[in-house]
Amino acid sequence: MTTTQGGPVSWQELPVRDDLRTLAPYGAPQLDVPVLLNTNENPYPPPPELIADLRDAVAAAAATLNRYPDRDAVELRKDLAQYLGHDLTGRQLWAANGSNEVIQQILQCFGGSGRSALGFEPSYTMHRLIALATGTRWIAEPREPDFTLDPAKAVAATERHRPDVVFLTSPNNPTGTAAPMDLVEAVVDAAPGVVVIDEAYAEFFRPGTASALTLLPGRPRLIVTRTMSKAFAMAGARVGYLAADPAVIDALLLVRLPYHLSALTQAAARTALAHVDALLGTVNAVKAQRDRIVDELTALGLPVVPSDANFVAFGVSADGTGDAKAVWQALLDRGVLVRDVGLPGMLRVTAGTPEETGAFLDALKEVV
Ligand code: PMP
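For the sequence shown, our numbering assigns the number 450 to the initial residue and increments by one for each residue that follows.
This is the structure:
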């Protein structure tokens, strides 16, 4: 950017809102390396039959691009309801450009100026950043040392702070820890406002781990968010969604931008949902690599957090005091990009293909 005098300016010199000045933009490094295991994507690209159908669906949508898209994405929401099951209908579903936008709409509607949101950290940092960007005060309470949540403490924190929005991430990013249903129920009962269960990684649950979708009946302040970015291998398409009481969706209509979800996006999402079996066929392969990482790192004597997601948080030394930044760099030097999530002595790795996971494990064995 240039001034009228032609000199460069930085954003700090612009009249940006005071409460944004201390923030830093979200951003995992996007580096060009052979093994990308840092942003919890599905390592398998969409299968050829889906790509062919996407081509047709996008071409059909392209022929209508002179018109605005379906503002309420009615057909997509029906398809999403059918995918989720639990007797949900399209009226209980809402979709946007990634679950980040869904979360932003929730905070615009239920948070905002003079309101607060509570999260249990470490967790997904965008909950905090979107809260702050929407003018919502952020309240952080700590998880237990093993990253689980103590139901009594979570309820006590909810009663103490009386937040307008509570975030529970299950499985939690960056730790992979799932939230038990009795905890979710207790927090919903205690919360004066809405409770958002961010289930971005729910398709990777281990057997026996439950989804908060089971709790929706009779709980109009419970919101479950999901995404097509992970299990569905559609991170590039930007489709996230939520399930909740129809009243929640009526409320969100107040803040959503008109025609927020493009006709191309809606067509791509519906086409992907028609290939659900092929897409979710990759989930078991990814879960097997997740379990392999847990087993092999445990055998190496490293501390490993049990994971219900497609990633694993681990300590870089047996005593937990290792230099995570140095290990992150040494892995990168060997062509493997993982995530430094800012937890002392720990890194997070996404489960990849067997080859990518093998490359990570080989590199790590050289490094630690
Ligand atoms: N929630 C969690 C817990 C996540 O980890 C992510 C992505 N990293 C998201 C939401 C947002 O995903 P998207 O906007 O791609 O749906």
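Using N, Cα and C, we set each Cβ at its ideal position, and we do this for glycine too.
Boundaries of the alpha helix (DSSP H) in which residue i is found, first to last residue
i      : result
Pro695 : 695-701
Ser548 : 547-559
Thr806 : 803-816
Met795 : No alpha helix (DSSP H) holds Met795; the beta strand (DSSP E) holding it covers 795-799.
Arg520 : Segment: none, Arg520 is in no alpha helix (DSSP H) and carries neither H nor E.
Gly730 : 725-748
Thr574 : 574-582
Val761 : Where Val761 is concerned, there is no enclosing alpha helix (DSSP H), although the beta strand (DSSP E) it sits in stretches over 760-764.
Val604 : 600-610
Coarse secondary structure for residue i, derived from DSSP in three states
i      : result
Leu780 : helix
Met450 : Low local confidence applies: a pLDDT of 48 at Met450 is under 50, so the model's placement there is unreliable, and no value is given.
Glu490 : coil
Pro478 : coil
Ala566 : strand
Pro656 : coil
Leu671 : strand
Ala635 : helix
Gly539 : helix
Tyr690 : strand
Arg470 : coil
Leu722 : helix
Thr513 : coil
Ala682 : coil
Thr624 : coil
Phe507 : Checking the sequence shown, residue 507 turns out to be Val, not Phe. Helix.
Leu525 : helix
Pro457 : strand
Thr676 : strand
Leu706 : coil
N- and C-terminal bounds of the beta strand (DSSP E) containing residue i
i      : result
Glu648 : First-last for Glu648: undefined, no H or E at that position.
Arg586 : 586-591
Thr618 : 614-618
For residue j and residue i, the rounded distance between their alpha carbons
i      : j      : result
Asn621 : Phe653 : 12 Å
Leu671 : Leu665 : 6 Å
Met450 : Thr488 : Because Met450 sits at a pLDDT of 48, beneath the cut-off of 50, its placement in the model cannot be relied upon, and the following sentence gives the value as read from the coordinates. About 30 Å.
Arg655 : Ser459 : 47 Å
Arg470 : Gln461 : 7 Å
Asp505 : Asp789 : 40 Å
Glu745 : Leu810 : 8 Å
Asn515 : Ser711 : 12 Å
Ala767 : Ala748 : 11 Å
Gly769 : Ala684 : 32 Å
Val636 : Ala605 : 9 Å
Leu581 : Thr802 : 36 Å
Ala812 : Arg783 : 6 Å
Gly560 : Gly750 : 44 Å
Val776 : Pro623 : 17 Å
Glu490 : Lys527 : 25 Å
Whole-angstrom C-beta distance between residue j and residue i, which should lie under 8 Å
i      : j      : result
Ser572 : Thr513 : That pair is no contact at about 40 Å.
Ser565 : Asp613 : 6 Å
Leu786 : Val484 : 7 Å
Ala440 : Met677 : Residue numbering for the chain in the displayed model covers 450 to 817; residue 440 lies beyond these limits and cannot be assessed.
Leu556 : Ile588 : So it is not a contact: roughly 13 Å between Cβ atoms.
Asn549 : Met575 : 6 Å
Leu728 : Val482 : Not quite, the Cβ-Cβ distance comes to about 25 Å (not below 8 Å), so this is no contact.
Any chain D beta carbon closer than 8 Å to residue i
i      : result
Gly769 : Reference to chain D is not applicable here, since this structure consists of a single protein chain.
Checklist entry - Taking one C-beta from the stretch 698-718 and one from the stretch 520-538 each time, how about it: are there three or more such pairs within less than 8 Å? => result Counting C-beta pairs with one atom in each stretch, the stretch 698-718 and the stretch 520-538 have three or more that are closer than 8 Å, which means they touch.
Checklist entry - Taking three-plus beta-carbon pairs below 8 Å as touching, is the stretch 687-699 in contact with the stretch 714-722? => result Yes, the stretch 687-699 touches the stretch 714-722.
Checklist entry - Okay, do the stretch 608-617 and the stretch 751-763 touch, 3+ Cβ pairs below 8 Å being the bar? => result The stretch 608-617, when compared against the stretch 751-763, does not touch it at the 8 Å Cβ threshold.
Checklist entry - Between the stretch 793-806 and the stretch 758-778, do at least 3 Cβ pairs fall closer than 8 Å? => result They touch, by the three-pair rule.
Next on the checklist: Does the structure place the stretch 493-505 close enough to the stretch 721-735 that three or more beta carbon pairs sit under 8 Å?
Outcome noted: Touching, yes, given that three or more Cβ pairs across the two stretches are closer than 8 Å.
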